[in-house]
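Under my numbering, the first residue of the sequence shown is numbered -16, with each subsequent residue one higher.
Read through the structure below, which is laid out as structure tokens, and then see the notes.
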Amino acid sequence: MPRWFLWTHLTILSLLLGGCLNLEQEDQYAKCELDISNLEGTYISLKGGGSGSDVPDPYARVKFYTEDGKKKAMYTAGRLAPNNPATNKYEYEHRSTSEDGEAMYVINMFADKSRQRIERLKKDNRRLDVKFEGRIYVKVNKKRCSLTIGDFYVTYVKGEETIDSNPTGTRTYLRSKEELGFVHCDEVRQLMPFAMDDPNWDKDAPLDVKTGLFAKEPAWFHYIEKNYDGSKSEIREKQHKAGVMAEDGCSYDFELWAKDRRVAASQKVAVEPKENGFLHWKVQHAFDKSSADGIFVEMHRYKTCAEGGRTLVGNACTVVWPEPERTAEEKAEAESEAAKKK
-16 MPRWFLWTHL
-6 TILSLLLGGC
4 LNLEQEDQYA
14 KCELDISNLE
24 GTYISLKGGG
34 SGSDVPDPYA
44 RVKFYTEDGK
54 KKAMYTAGRL
64 APNNPATNKY
74 EYEHRSTSED
84 GEAMYVINMF
94 ADKSRQRIER
104 LKKDNRRLDV
114 KFEGRIYVKV
124 NKKRCSLTIG
134 DFYVTYVKGE
144 ETIDSNPTGT
154 RTYLRSKEEL
164 GFVHCDEVRQ
174 LMPFAMDDPN
184 WDKDAPLDVK
194 TGLFAKEPAW
204 FHYIEKNYDG
214 SKSEIREKQH
224 KAGVMAEDGC
234 SYDFELWAKD
244 RRVAASQKVA
254 VEPKENGFLH
264 WKVQHAFDKS
274 SADGIFVEMH
284 RYKTCAEGGR
294 TLVGNACTVV
304 WPEPERTAEE
314 KAEAESEAAK
324 KK
């Protein structure tokens, strides 16, 4: 076979194969519906799995949505600590999208301070770890049909702006098919487990979150009220705001969440006020399995009024570490020992 014929044959074949590959790639791009101008939905991060492949990390996730006509992102960078599955949720607002399709969402870390105070801090600050603004940069990867999100913060040293990466860094995010929690916990450790549904607050102690709960054994989770300062009317106003005392014309309910997912049996559970108007938020729950990593438990508390509809009152949360299921003998022995101490 002449060499010119073989070379011509190989050249034509390579062009045909190249055309097929390009068509397959274009088809793959066409199937990807991600659009930087419309990212609505939930995405979870991928992280190294230690075996050469990436694995989902649901603790690091983001939810894009629109509220009051503004594009927003509810973002969590990951669990608070290796042995703590709780996560902080932060609300970012869309600021801009570049010509090459990179969207920037920002959060003001000093929202409670005046502009004048912030400008003063920018000039006086000498530390690189003081975060003035959080930024996430979002790009669509059509080839993988994923998002690439970079987690950064802005600081000012002697008035000069500096941008640095947060520990999460830049990761790949895939669209999530399941619903995950995105309500920030603003009532930390105000949800406590007890052995009974109506404890004596002066005598009965809560169960130890690391040794007092067991798989398959129900426990009562109670919302714990804060101690309020002020006059009688001021305290009453704070109790109304916290959902501890019922307001006229309003009804109350809660949702229980565990591991950032809804507990199906405890959704929109009504809470009826007592004669004095006091609201006792409580729910009985048993965990199917033990957990050495800990379980993040949340009670999303809501009120519904004639004006304003259903609104979030607060989110009380805690972390528990249920022990393995006990045998009947182990349970009886523990109850006997507890009775002796009374």
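No residue lacks a Cβ here, since even glycine has one placed at the ideal position from N, Cα and C.
Keep in mind it's a predicted model, so treat the numbers as computed, not measured.
Residue 25 places its beta carbon less than 8 Å from that of residue 46. Contact annotation: the region 144 to 162 does not touch the region 171 to 182, with fewer than three C-beta pairs closer than 8 Å. By the beta-carbon neighbour count (other beta carbons within 10 angstroms, threshold 16), residue 184 is exposed. Counting only runs of 3+ residues, the beta strand (DSSP E) found wholly inside the region 105 to 169 occupies 116 to 124, 129 to 140 and 143 to 158, in chain order.
A contact is defined here as three or more CB-CB pairs under 8 Å, and the region 199 to 211 fails this definition with respect to the region 75 to 85.
Contact between residue 30 and residue 40 is confirmed by a C-beta separation of about 4 Å, below the 8 Å threshold. Looking at the DSSP output, residue 195 bridges to nothing. For residue 116 against residue 88, the beta-carbon gap comes to about 11 Å, at or over 8 Å, which does not count as contact. One alpha carbon belongs to residue 161, the other to residue 244, and they sit about 9 Å apart. Note on residue 261: under 16 other CB atoms within 10 angstroms of its CB, so exposed under the neighbour-count rule. In the pairwise beta carbon analysis, the region 54 to 74 is classified as not touching the region 218 to 228: fewer than three pairs are separated by under 8 Å. Cβ-Cβ separation between residue 111 and residue 147: approximately 7 Å, consistent with a contact (criterion under 8 Å). By the neighbour-count criterion, in which 16 or more other beta carbons inside 10 Å mark a residue as buried, residue 164 falls on the buried side.
Relative to the Cα of residue 85, the nearest Cα in the group 215, 119, 221 and 301 belongs to 119. Every beta strand (DSSP E) stretch that sits fully inside the region 250 to 291 and reaches 3 residues is listed by chain position as 252 to 254, 265 to 268 and 278 to 288. Between the region 297 to 310 and the region 266 to 281 there are three or more inter-stretch CB-CB distances shorter than 8 Å, so the stretches are counted as touching. Check the Cα spacing between residue 106 and each of 133, 90 and 139: the tightest is with 139.
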